[in-house]
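K.L.:
For the sequence shown, the positions run 1 to 943 when full-length UniProt numbering is used.
The beta-carbon is built from N, C-alpha and C at its ideal position, and this holds for glycine as well.
All figures in this text were calculated on a predicted structure; none of them were measured in a lab.
Please see the structure below; I have some questions.
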Amino acid sequence: MLLANSHAAVAQNSTIFGPNVYVFTPSNSVSSINSTLNTLNGNAQFSTSRYAVLFAPGTYTGVEAEVGYYESVAGLGETPSAVTISDGYLTSNQTDSNGNLTTNFWRSIENMYITPPSGDVLQWGVSQGAAFRRMYVNGAMELTNTYCGEASGGFISDTVITGNINSCSQQQWYTRNSSIGSWTGNLWNMVFSGVSGAPAQSVPFGSADSYTTLPTTPVSREKPFLYMDSSGNYWVFSPALRTNSTGTSWSGGGLGSGTSLPISSFFIATPTSTLAQINAALASGQNLILTPGIYQYSGSINVTNANTVVLGLGYANLVPQSGTAAISIADVGGVQIAGLLIDAGPVNSPVLFQVGVAGASRMSHASNPTSISDTYFRIGGAVSGTATESMEIDSDNVILDNIWAWRADHGQTPVGWTVNVGENGLVVNGDNVTALGLAVEHYEQNQVVWNGQGGETIFYQSEMPYDVPSQSAWMDGSVDGYASYYVSPSVTTHTAYGLGVYSYFDQGVAIVANSGISVPVATGVTVTDAVTVFLSGSGQITYTIASDSPTVDNAGTTADSASYISYVTSYGGSGGSCAAAPTTPAALSANATSASQIGLSWSASTAGSGCTVSYNVYRSTTSGFTPAAGNQIASGLSSASYQDSGLTGSTTYYYIVEAADGAGSSTASAQASATTEGSTSCNAVPSAPGGLTAAASSASAIGLSWSGVMPPSNCTITTYNVFSSTTSGFTPSSSSRIASVTGTSYTNTGLAAGTTYYYKVEATDGDGSSAPSAQASATTQAGSSSGAEIVAIAAGAPAESNASGGDYPFVADEDFSGGGDNSAVSAAINLTQPAANAAPMAVYQHGRAGVFTYTIPGLTAGAQYTVLLHFAETYWTAAGKRVFNVAINGTTVLANFDIFATVGGNAALVEPFTATANSSGDLVIAFTRGTSDQPVLAGLEIR
Numbered sequence: 001m002l003l004a005n006s007h008a009a010v011a012q013n014s015t016i017f018g019p020n021v022y023v024f025t026p027s028n029s030v031s032s033i034n035s036t037l038n039t040l041n042g043n044a045q046f047s048t049s050r051y052a053v054l055f056a057p058g059t060y061t062g063v064e065a066e067v068g069y070y071e072s073v074a075g076l077g078e079t080p081s082a083v084t085i086s087d088g089y090l091t092s093n094q095t096d097s098n099g100n101l102t103t104n105f106w107r108s109i110e111n112m113y114i115t116p117p118s119g120d121v122l123q124w125g126v127s128q129g130a131a132f133r134r135m136y137v138n139g140a141m142e143l144t145n146t147y148c149g150e151a152s153g154g155f156i157s158d159t160v161i162t163g164n165i166n167s168c169s170q171q172q173w174y175t176r177n178s179s180i181g182s183w184t185g186n187l188w189n190m191v192f193s194g195v196s197g198a199p200a201q202s203v204p205f206g207s208a209d210s211y212t213t214l215p216t217t218p219v220s221r222e223k224p225f226l227y228m229d230s231s232g233n234y235w236v237f238s239p240a241l242r243t244n245s246t247g248t249s250w251s252g253g254g255l256g257s258g259t260s261l262p263i264s265s266f267f268i269a270t271p272t273s274t275l276a277q278i279n280a281a282l283a284s285g286q287n288l289i290l291t292p293g294i295y296q297y298s299g300s301i302n303v304t305n306a307n308t309v310v311l312g313l314g315y316a317n318l319v320p321q322s323g324t325a326a327i328s329i330a331d332v333g334g335v336q337i338a339g340l341l342i343d344a345g346p347v348n349s350p351v352l353f354q355v356g357v358a359g360a361s362r363m364s365h366a367s368n369p370t371s372i373s374d375t376y377f378r379i380g381g382a383v384s385g386t387a388t389e390s391m392e393i394d395s396d397n398v399i400l401d402n403i404w405a406w407r408a409d410h411g412q413t414p415v416g417w418t419v420n421v422g423e424n425g426l427v428v429n430g431d432n433v434t435a436l437g438l439a440v441e442h443y444e445q446n447q448v449v450w451n452g453q454g455g456e457t458i459f460y461q462s463e464m465p466y467d468v469p470s471q472s473a474w475m476d477g478s479v480d481g482y483a484s485y486y487v488s489p490s491v492t493t494h495t496a497y498g499l500g501v502y503s504y505f506d507q508g509v510a511i512v513a514n515s516g517i518s519v520p521v522a523t524g525v526t527v528t529d530a531v532t533v534f535l536s537g538s539g540q541i542t543y544t545i546a547s548d549s550p551t552v553d554n555a556g557t558t559a560d561s562a563s564y565i566s567y568v569t570s571y572g573g574s575g576g577s578c579a580a581a582p583t584t585p586a587a588l589s590a591n592a593t594s595a596s597q598i599g600l601s602w603s604a605s606t607a608g609s610g611c612t613v614s615y616n617v618y619r620s621t622t623s624g625f626t627p628a629a630g631n632q633i634a635s636g637l638s639s640a641s642y643q644d645s646g647l648t649g650s651t652t653y654y655y656i657v658e659a660a661d662g663a664g665s666s667t668a669s670a671q672a673s674a675t676t677e678g679s680t681s682c683n684a685v686p687s688a689p690g691g692l693t694a695a696a697s698s699a700s701a702i703g704l705s706w707s708g709v710m711p712p713s714n715c716t717i718t719t720y721n722v723f724s725s726t727t728s729g730f731t732p733s734s735s736s737r738i739a740s741v742t743g744t745s746y747t748n749t750g751l752a753a754g755t756t757y758y759y760k761v762e763a764t765d766g767d768g769s770s771a772p773s774a775q776a777s778a779t780t781q782a783g784s785s786s787g788a789e790i791v792a793i794a795a796g797a798p799a800e801s802n803a804s805g806g807d808y809p810f811v812a813d814e815d816f817s818g819g820g821d822n823s824a825v826s827a828a829i830n831l832t833q834p835a836a837n838a839a840p841m842a843v844y845q846h847g848r849a850g851v852f853t854y855t856i857p858g859l860t861a862g863a864q865y866t867v868l869l870h871f872a873e874t875y876w877t878a879a880g881k882r883v884f885n886v887a888i889n890g891t892t893v894l895a896n897f898d899i900f901a902t903v904g905g906n907a908a909l910v911e912p913f914t915a916t917a918n919s920s921g922d923l924v925i926a927f928t929r930g931t932s933d934q935p936v937l938a939g940l941e942i943r
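Take a look at the structure:
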């Protein structure tokens, strides 16, 4: 995909990513860049504007601008040094009326090399919901403003900073997988993992400093990002998984380890894209880019395929409207989600972001985990809304990377205990889930509930709810208040480093929280470096950490107005009242139930007094294997059975089970084995598609849509075949098939006016085709007589005479915004299809390409006009290579439109429509990207 703004006349925000993405090149003057940036950074805290700013590879001298709310800035180079800001800066330095930065949320910068002006430092004064990634700073940084105002950040990863970082008055910060010159400053909770140059671990924590320093990061994956190759083509880089890592992912040069994905593998969505279009693209195997804007859908974006990338640009904002999740991921591996802002909507959502399936058996994804990066939640503040949970994890091995969930304590909409209601920010039911940089604030019960085994958190920041109206309204059973970070009593393995929990009960009532953190007593459960802080208000946090055992002491002193802070260096790792490991599981049996599933069962182990038993399952294809972390497929099971799914047919699998409790693990069980059934081929046809609808959009086009079909076991839906006839009750056959598509919509064009067409759809998999769907029909609009020509525009071209042929002369391109001029071709164009409506041939040899809009002014409001759209495919030589959408005054008239599939290559095509001018006397014709490449238009006429 060539960079659309390589043409000098094209605006900086006229790329394939739409009007809210600005792409600068070194040919742009620094004054114009700074002017544009200073316009974009003026958003208010609860603005509805969303922007992404991209810098093409090259050097930019003297760029100086603030990065504002809802603004992401990134370089498009393969390495940070490919985009150099010399003698300049991109900064976050704005303050509130008190000179503080505690509300500097929702902004980011990544993949650039910055050298500040001589004597200056780069100031990045941010709080939660901000990211600083894959950067090279040739100099020093301050994580606040010029006057060291208070801030509540923050997150740095995959970055080199040659000078000193001064955290100044930052309350807390997490830095991982980076290299820094040095670090000064600390307040309550500064955490480092895999960082060269990090300060030494504080011993004890909080005595003089509050540094938690881990030599490596146990498991991580950097967020995916856009880049541009030397030919101006866009790609998305998907970084590889790293384990026990230190330093940057790109220290070896180039992009680093990972996979480059062509932009053609992505559906590029805008807020005008329908949920059906997005989900159809995802179901067909495409990745997804959500361009900046606010997406309000009555339903969830559904990610069902492994290794799918969903990349939000410029704080793409999801707001569910009907009580569903905003986004859901199936229990599949390798999914990467990044760059989303999710608001609760007007109807309560039980959960806003669902990962996996609640209550279902889970698969291990240890070798290919799902990662969720730079994803932020809001309950109220910007829009009125409620949600019971913000995120629920029902999948194993998920990586959470810089997550902030916030029940708003202020905003442009009313907030309050019974207004913007939210119970929990994060609920983790999956095993071996890792959180790297987690902030959860102000929810009305536990901020975090961790039920899964093997969890690990590195850096946690939390404020308890400000607005608790009374103690009786905030009781966890008989316990005062809700612990912010709650690990369930059934958990036997959990590790947490660098946890900070703060209170500010501001209702004038002495609210008591028994503890900031609550964990079970077990040898495998430990907390290292925790702090509770009384910020202001009334009441207290009595203990920093509370246990679930009456025989094990709680830890930490009271944090209240008299003694505002309490540190705990180490807690846990003791079996408490559980003193004996369980007995070994016996009678393990394995039984293959299909080509992809084996069921396991065993006799329950005997638990010691005061102990709770759970089970860990291990699998190998080698007999006599030794149980280890690398072959563990399930942990923390409470029942003596397990269903292992997603297996390969005709394969023998070997299993071992161990039991565990608070005192330790049993010896391994005897090995059991089973061989999956032999056939993994698809041996069943799918069910018939349902929900087929047909609607005429013009005198020559009918749009179809239908519901996707769930494939049978071991099958994949490969295509949907569309059939049409002018006879009701027809039988589908090869002669009536008009299209084969992978999505769940199709526009049938080139039809006769005033004619009824009947349609049926069949689904196809490896075993054959389904029965046909129920029939749907629609009648094309009545044809309008050819009125007087009002205007004929040669898209992307100079004026063209009809002296040598063509229905009318065409004026030079006008009335457009966005897109770029296609290079002219010399190939002869077949004019058979347009017949008498053909434009001069030269019109079809030019074109406007990209995402663009024509606004035709000066018409009579409410009057009907004929719109003729002229197309020719002069580049691609096969169907499916260019697929796009067209809307007139907001109504889609061409969906997933494919010129080549309709008329072939180097051939003219005219699509006529009847349209009514809007109240301003305009016809607004918008061309947006579909499933492949970008729109192109040769010309248009209005009659």
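State the Cα-Cα distance for the pair Gln-12 and Asp-120, rounded to the nearest angstrom.
P.N.:
Locating residue 12 in the sequence shown gives position 12, counting from the first residue. Locating residue 120 in the sequence shown gives position 120, counting from the first residue. Looking at the two C-alpha atoms, the distance is approximately 29 Å.
K.L.:
Using the rule of at least 16 other Cβ atoms within 10 Å of the residue's Cβ for burial, across every protein chain shown, is Val-203 buried or exposed?
P.N.:
Position 203 of the sequence shown, counted from the first residue, corresponds to residue 203. Exposed is the call here.
K.L.:
Where Ser-786 and Ile-899 are concerned, what is the direct C-alpha to C-alpha distance, given to the nearest angstrom?
P.N.:
Counting from one through the sequence shown, the residue named residue 786 turns up at place 786. Counting from one through the sequence shown, the residue named residue 899 turns up at place 899. Legend: pLDDT at Ser-786 = 47, less than 50; position of this residue unreliable, no value from coordinates given.
K.L.:
Kindly give me the distance between the Cβ atoms of Ala-861 and Asn-906, rounded to whole angstroms, as I take these residues to be in contact under 8 Å.
P.N.:
On the sequence shown, position 861 is the one that residue 861 refers to. On the sequence shown, position 906 is the one that residue 906 refers to. Their Cβ separation, rounded to whole angstroms, is 39 Å, which puts Ala-861 and Asn-906 out of contact at 8 Å.
K.L.:
Bridge partners for Met-190 per DSSP, in chain order?
P.N.:
Counting from 1 along the sequence shown, the entry for residue 190 is found at position 190. Met-190 pairs with Trp-173 and Tyr-211.
K.L.:
Check Ala-684 in the structure and name its three-state DSSP category.
P.N.:
The count along the sequence shown starts at 1 and reaches residue 684 at position 684. Looking at Ala-684 - three-state DSSP - the assignment turns out to be coil, as it is neither helix nor strand.
K.L.:
Within its chain, find whatever has a CB closer than 6 Å to the CB of Asn-166; leave out the 5 residues flanking it on each side and keep chain order.
P.N.:
Within the sequence shown, residue 166 is the residue found at index 166, counting from 1. So the qualifying residues of the chain are Glu-142, Thr-184 and Gly-185.
K.L.:
Distance check for Ala-595 and Ser-182, CA to CA, integer angstroms please.
P.N.:
Walking along the sequence shown from the start, residue 182 turns up at place 182. Walking along the sequence shown from the start, residue 595 turns up at place 595. Straight-line Cα distance between these residues: approximately 56 Å.
K.L.:
Under 8 Å by Cβ, that's how I've got Gln-858 and Gly-796 pegged, so tell me the actual separation to the nearest angstrom.
P.N.:
Your numbering for residue 858 matches position 858 in the sequence shown. Your numbering for residue 796 matches position 796 in the sequence shown. Here residue 858 is Gly; the residue named in the question, Gln, does not match the sequence. The Cβ separation is near 22 Å, so there is no contact.
K.L.:
For the region 515–529 against the region 493–502, are there 3 or more C-beta pairs whose distance is under 8 Å?
P.N.:
Because the criterion of three Cβ pairs below 8 Å is met, the region 515–529 and the region 493–502 touch.
K.L.:
Give me the residue from Asp-158, Pro-320, Gly-636 and Val-191 with the minimum Cα distance to Tyr-460.
P.N.:
On the sequence shown, residue 460 is found 460 positions in, with the first residue counted as 1. Of Asp-158, Pro-320, Gly-636 and Val-191, the residue nearest in Cα terms is Val-191.
K.L.:
With Asn-38 as the anchor, note down where its beta strand (DSSP E) starts and where it stops.
P.N.:
Start at 1 with the first residue of the sequence shown, and residue 38 comes out as number 38. Note, Asn-38: premise wrong, no beta strand (DSSP E); alpha helix (DSSP H) at 30–40.
K.L.:
Taking the straight line between their C-alpha atoms, what separation do you get for Pro-627 and Cys-682?
P.N.:
As a first step, residue 627 is located in the sequence shown; it is residue number 627 there, counting from the start. As a first step, residue 682 is located in the sequence shown; it is residue number 682 there, counting from the start. If I take the Cα positions, the gap works out to 34 Å.
K.L.:
Using only CA atoms, which one of Ser-725, Ser-736, Trp-706 and Thr-731 lies nearest to Ala-763?
P.N.:
Walking along the sequence shown from the start, residue 763 turns up at place 763. Nearest of Ser-725, Ser-736, Trp-706 and Thr-731 to Ala-763, Cα basis: Trp-706.
K.L.:
What are the start and end residues of the alpha helix (DSSP H) that includes Thr-902?
P.N.:
Counting from 1 along the sequence shown, the entry for residue 902 is found at position 902. Unbroken alpha helix (DSSP H) run through Thr-902: 899–903.
K.L.:
Return the CA-CA distance between Val-709 and Cys-715, expressed in angstroms with no decimal places.
P.N.:
As a first step, residue 709 is located in the sequence shown; it is residue number 709 there, counting from the start. As a first step, residue 715 is located in the sequence shown; it is residue number 715 there, counting from the start. Distance between the alpha carbons of Val-709 and Cys-715: 11 Å.
K.L.:
Rounded to whole angstroms, how far is the Cβ of residue 962 from the Cβ of Arg-221, which I believe are closer than 8 Å?
P.N.:
Only positions 1 to 943 of the chain appear in the structure, and residue 962 is not among them; the question remains open.
K.L.:
So, at 8 Å on beta carbons, what are the nonlocal neighbours of Ala-901 in its own chain, with the 5 sequence-adjacent residues on each side left out?
P.N.:
Along the sequence shown, read from residue 1 onward, the residue named residue 901 stands at position 901. Once the five neighbours on either side are set aside, the close Cβ partners of Ala-901 are Ala-739, Ala-879 and Gly-880.
K.L.:
If contact is defined by three or more beta carbon pairs under 8 Å, each pair taking one atom from either stretch, is the region 244–260 in contact with the region 908–918?
P.N.:
Too few Cβ pairs lie closer than 8 Å, so no.
K.L.:
Given this structure, state the Cα-to-Cα distance separating Pro-215 from Gln-201, to the nearest angstrom.
P.N.:
Position 215 of the sequence shown holds residue 215. Position 201 of the sequence shown holds residue 201. Between Pro-215 and Gln-201, the C-alpha separation is close to 10 Å.
K.L.:
With distance defined between alpha-carbon atoms, name the residue in Ala-130, Val-791, Val-383 and Asp-431 nearest to Val-415.
P.N.:
Against the sequence shown, residue 415 aligns to sequence position 415. Residue Val-383 is the option with its Cα nearest to Val-415.
K.L.:
Kindly indicate which three-state DSSP category Leu-859 falls into: helix, strand or coil?
P.N.:
Start at 1 with the first residue of the sequence shown, and residue 859 comes out as number 859. Residue state, collapsed to three classes: coil.
K.L.:
Please list the terminal residues of the continuous beta strand (DSSP E) segment that includes Val-867.
P.N.:
Stepping through the sequence shown from its first residue, residue 867 is reached at position 867. Where Val-867 is concerned, the enclosing beta strand (DSSP E) stretches over 864–872.
K.L.:
Have a look at Val-924 and Ala-752 and give me their C-alpha separation to the nearest angstrom.
P.N.:
Numbered from 1 along the sequence shown, position 924 holds the residue referred to as residue 924. Numbered from 1 along the sequence shown, position 752 holds the residue referred to as residue 752. Looking at the two C-alpha atoms, the distance is approximately 24 Å.
K.L.:
What is the DSSP secondary structure of Asn-837, reduced to helix, strand or coil?
P.N.:
Start at 1 with the first residue of the sequence shown, and residue 837 comes out as number 837. If DSSP states are grouped into helix, strand and coil, Asn-837 belongs with the helices.
K.L.:
Can you list, in chain order, the residues of its chain with a C-beta nearer than 7 Å to that of Thr-272? Leave out the 5 residues immediately preceding and following it.
P.N.:
Taking the first residue of the sequence shown as position 1, residue 272 is located at position 272. Counting only Cβ-Cβ distances below 7 Å, and skipping sequence neighbours, we find Thr-928.
K.L.:
State the Cα-Cα distance for the pair Trp-333 and Asp-560, rounded to the nearest angstrom.
P.N.:
Taking the first residue of the sequence shown as position 1, residue 333 is located at position 333. Taking the first residue of the sequence shown as position 1, residue 560 is located at position 560. It is Gly, not Trp, that sits at residue 333 in the sequence shown. Their backbone Cα atoms lie some 45 Å apart in a straight line.
K.L.:
CA-CA distance, Gly-247 and Tyr-567?
P.N.:
Along the sequence shown, one-based indexing puts residue 247 at 247. Along the sequence shown, one-based indexing puts residue 567 at 567. The straight-line gap from Cα to Cα measures roughly 29 Å.
K.L.:
Classify Val-527 as helix, strand or coil using the three-state DSSP reduction.
P.N.:
In the sequence shown, the residue the question calls residue 527 occupies position 527. Val-527: strand per DSSP, three-state reduction.
K.L.:
Below 8 Å between beta carbons: does that hold for Thr-676 and Gly-646?
P.N.:
Here the question's residue 676 lines up with position 676 in the sequence shown. Here the question's residue 646 lines up with position 646 in the sequence shown. Not in contact: Thr-676 and Gly-646 (Cβ atoms no closer than 8 Å).
K.L.:
Pair every Cβ in the region 794–813 with every Cβ in the region 714–733, then say whether three or more of these pairs are closer than 8 Å.
P.N.:
In short, these stretches do not touch, since the Cβ pair count stays below three.
K.L.:
Do Ile-541 and Ser-563 have their CB atoms nearer than 8 Å?
P.N.:
Within the sequence shown, the letter at position 541 stands for residue 541. Within the sequence shown, the letter at position 563 stands for residue 563. No; because the gap between Cβ atoms is not below 8 Å, this pair is not in contact.
K.L.:
Who pairs with Glu-658 in a beta bridge, going by DSSP?
P.N.:
Within the sequence shown, the letter at position 658 stands for residue 658. According to DSSP, which records beta bridges pairwise, Glu-658 is partnered with Asn-616.
K.L.:
Considering only residues of the same chain and omitting the five flanking positions on each side of Tyr-844, which have a CB-CB separation below 6 Å?
P.N.:
Your numbering for residue 844 matches position 844 in the sequence shown. Excluding positions up to five away in sequence, the list reads Ile-829, Ala-872, Ala-908 and Ala-938.
K.L.:
Hey, is the region 384–393 in contact with the region 343–352, meaning 3+ C-beta pairs nearer than 8 Å?
P.N.:
Output reads yes: the region 343–352 touches the region 384–393.
K.L.:
Strictly under 8 Å for the Cβ-Cβ distance: is Asp-229 near chain B by that measure?
P.N.:
Of the chains in the structure shown, none is chain B; there is only one protein chain.
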